[in-house]
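Beneath this line is the structure, given in structure tokens, with notes to follow.
Numbering (the working numbering), first residue to last: 6 to 509.
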């Protein structure tokens with residue numbers, strides 16, 4: 006094999022590895038990267054309320070089951086790294102292989118563009134790694150539909166990572182339904198775990214309509230939410246939007262990418278199998294419409310009706326998640342647009358454009374994914390709770406906390422996954438000044454007791470854990486009346502309810 010052919014063969018995987026290393030560089034250090042929904046613990050227990058939640062909707066089914074099984078075989082920090090590395094590698098290599106181009110340049114442009122989008126950055130900082138597995142898997146799903154028409158196993162392998170979350174499973178199903186409808190039964194089967202969990206759950210499948218406005222796409226500059234969505238951004242959480250998205254370069258970068266994509270559309274249409282590019286465009290357009298629906302005239306009212314009237318329609322509230330097919334088509338067309346123009350300078354510019362426009366994705370979002378270690382108190386409390394199993398209430402009563410030991414970053418309460426016991430936490434979500442209602446009746450009971458100043462011991466839980474957090478009001482002493490402190494650590498205090506009648 007000649008040197009030129011070796012370079013061409015290995016350039017794409019080498020580029021993918023390089024991009025992955027740049028994005029996830031902080032994970033070379035030991036510990037756990039904890040950010041918003043990204044929660045990994047040393048060993049996640051295999052519990053019924055995680056695998057098949059009854060009190061809440063199954064948003065993490067079968068994700069929690071897979072993490073519990075994986076962490077039984079390997080430490081949680083390793084499971085986390087395998088998952089995050091797989092996301093970026095799958096995205097880069099998949100897009101580079103999928104783009105219909107013989108030349109190496111367009112393949113590298115597609116790889117870098119798709120692995121360096123605002124969508125990936127924002128969802129990564131939000132900690133939604135399960136959804137990002139669907140993002141990384143989508144090029145492989147499309148390839149399996151278009152190029153491997155007779156291989157059910159290839160399609161299964163491509164769809165399986167996407168189906169670890171309900172939204173990812175729906176995106177995989179929609180993709181196969183549009184591109185290879187005769188094989189859509191396969192991703193439909195992969196969606197059965199969360200569908201079954203939904204049927205068995207006692208939670209109300211309808212959602213708080215306030216979530217529609219709270220989760221609507223938002224803009225980071227003068228282009229507004231539509232401009233942000235066109236650039237694959239627009240997430241509802243301002244804290245997970247990189248500062249570069251507010252710079253003057255961001256809308257300019259989006260404009261250049263769109264111009265290249267329009268230029269390259271004809272090549273995509275001509276080189277893919279007959280009608281495939283149009284079907285892919287329809288898929289991307291449908292996803293974009295769902296992402297933008299809450300900010301379009303009449304769209305918010307339609308979604309509010311849907312989430313309050315149709316069980317399960319709450320999955321549409323955070324519509325920006327469905328931008329994944331659009332992001333893929335945009336990057337494929339932009340790479341082909343650079344090829345069609347034909348100048349090396351354009352290819353080189355397209356290759357570095359995402360990095361220039363959004364440089365702060367490097368090093369884990371400019372250091373926001375630096376790992377930390379759990380304080381020793383967690384292991385102590387875990388051991389004590391396992392000696393006398395029972396229901397646990399986590400205080401302060403909130404779903405997310407800002408911990409001093411987590412570099413003052415906000416993350417979902419780790420106790421439900423750290424302890425081998427059912428943990429009651431506030432399942433409401435605070436978005437700005439809005440409180441989006443949850444589904445857990447038990448959480449409502451605890452919240453009401455705290456608001457009325459009643460002792461929690463009367464509710465019958467076995468344990469109460471008080472965590473050291475930043476920016477939250479201290480737990481009122483009345484709430485702890487009748488409880489016996491059994492551990493007083495720097496970061497956690499554990500109280501036992503000797504009169505508890507509820508067991509786990």
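The C-beta atom is built at its ideal place from N, Cα and C for all residues, glycine as well. Since the model is a prediction, treat every value here as computed from it, not as a measurement.
- Query: For the candidate residues 135, 193, 206 and 109, whose alpha-carbon lies nearest to that of residue 54?
  - Reply: 206
- Cutoff 8 Å: residue 129 Cβ touching any chain C Cβ: Of the protein chains in this structure there is only one, and it is not chain C.
- Would the stretch 263 to 283 and the stretch 309 to 319 be scored as touching if the rule is three or more Cβ pairs under 8 Å? no
- Query: Can you list, in chain order, the residues of its chain whose CB lies under 6 Å from that of residue 381, leaving out five sequence neighbours each side?
  - Reply: none
- On the DSSP bridge assignment, give the partners of residue 41 in chain order. 416
- Item | beta strand (DSSP E) segment containing residue 399, residue limits | 397 to 400
- Item | Local Cβ density within 10 Å of residue 350, reported as buried at 16 or more and exposed below that | exposed
- For residue 500, which three-state DSSP category applies? strand
- Might you give, ordered along the chain, the residues of its own chain that have their beta carbon closer than 6 Å to the beta carbon of residue 508, omitting 5 neighbours on each side? Only weak support is given to the placement of residue 508: the predicted model assigns it a pLDDT of 45, under 50, and the value that follows is read from those uncertain coordinates. Once the five neighbours on either side are set aside, the close Cβ partners of residue 508 are 395.
- Considering only the beta carbon of each residue, do residue 140 and residue 96 sit closer than 8 Å? yes
- How would you call residue 67, buried or exposed, if buried means at least 16 neighbouring beta carbons within 10 angstroms? buried
- Message: On the CB-based measure, 16 or more other CB atoms within 10 Å of its CB, does residue 122 come out buried or exposed?
- Response: buried
- Message: Quick check on this structure: which residue in 133, 474 and 222 has the alpha carbon closest to the alpha carbon of residue 407?
- Response: 474
- Label residue 438 either buried or exposed according to how many other C-beta atoms from any shown protein chain fall within 10 Å of its C-beta, with 16 as the threshold for buried. exposed
- Item | Three-state secondary structure assigned by DSSP to residue 240 | coil
- Task: Specify, as a first and last residue, the run of the beta strand (DSSP E) that residue 468 falls within.
- Result: 468 to 472
- Beta-carbon gap between residue 451 and residue 434 smaller than 8 Å: no
- Query: In the stretch 433 to 477, which residue ranges form an unbroken beta strand (DSSP E) of at least 3 residues, counting only runs that do not cross its ends?
  - Reply: 434 to 436, 439 to 441 and 468 to 472
- Query: Within this structure, are the beta carbons of residue 266 and residue 331 separated by less than 8 Å?
  - Reply: no
- Query: Relative to the C-alpha of residue 436, which residue among 223, 105, 388 and 99 is closest?
  - Reply: 223
- Message: With DSSP as the reference, identify every bridge partner of residue 405, one or two as the case may be.
- Response: 417
- Item | Close Cβ partners of residue 310 (< 7 Å) along its chain, the five nearest in sequence each way excluded | none
- Message: Taking the straight line between their C-alpha atoms, what separation do you get for residue 492 and residue 449?
- Response: 27 Å
- Message: Does the stretch 256 to 274 come into contact with the stretch 337 to 352, if we say contact requires no fewer than three beta-carbon pairs (one atom in each stretch) closer than 8 Å?
- Response: yes
- Classification of residue 197 by the beta-carbon crowding that lies within 10 angstroms, buried from 16 upward: exposed
- Rounded separation between residue 501 and residue 430 - CA only: 17 Å
- Message: Going residue by residue through the stretch 274 to 349, where are the continuous alpha helix (DSSP H) segments of at least 4 residues, counting only ones entirely within it?
- Response: 281 to 297, 304 to 314 and 329 to 346
- Task: May I ask which residues mark the beginning and end of the beta strand (DSSP E) holding residue 491?
- Result: 489 to 493
- Quick one: is residue 428 buried, meaning 16 or more other Cβ sit within 10 Å of its Cβ, or exposed? buried
- Which residue from 13, 43, 246 and 236 puts its Cα closest to that of residue 260? 236
- Item | N- and C-terminal bounds of the alpha helix (DSSP H) containing residue 209 | That residue, residue 209, is in no alpha helix (DSSP H); it is neither H nor E in DSSP.
- Task: Check residue 377 in the structure and name its three-state DSSP category.
- Result: strand
- Query: Rounded C-beta distance between residue 432 and residue 445? I'm assuming under 8 Å.
  - Reply: 5 Å
- Query: Mind checking residue 112: buried by the 16 CB within 10 Å criterion, or exposed?
  - Reply: buried
- Message: Please state the DSSP three-state secondary structure of residue 385.
- Response: helix
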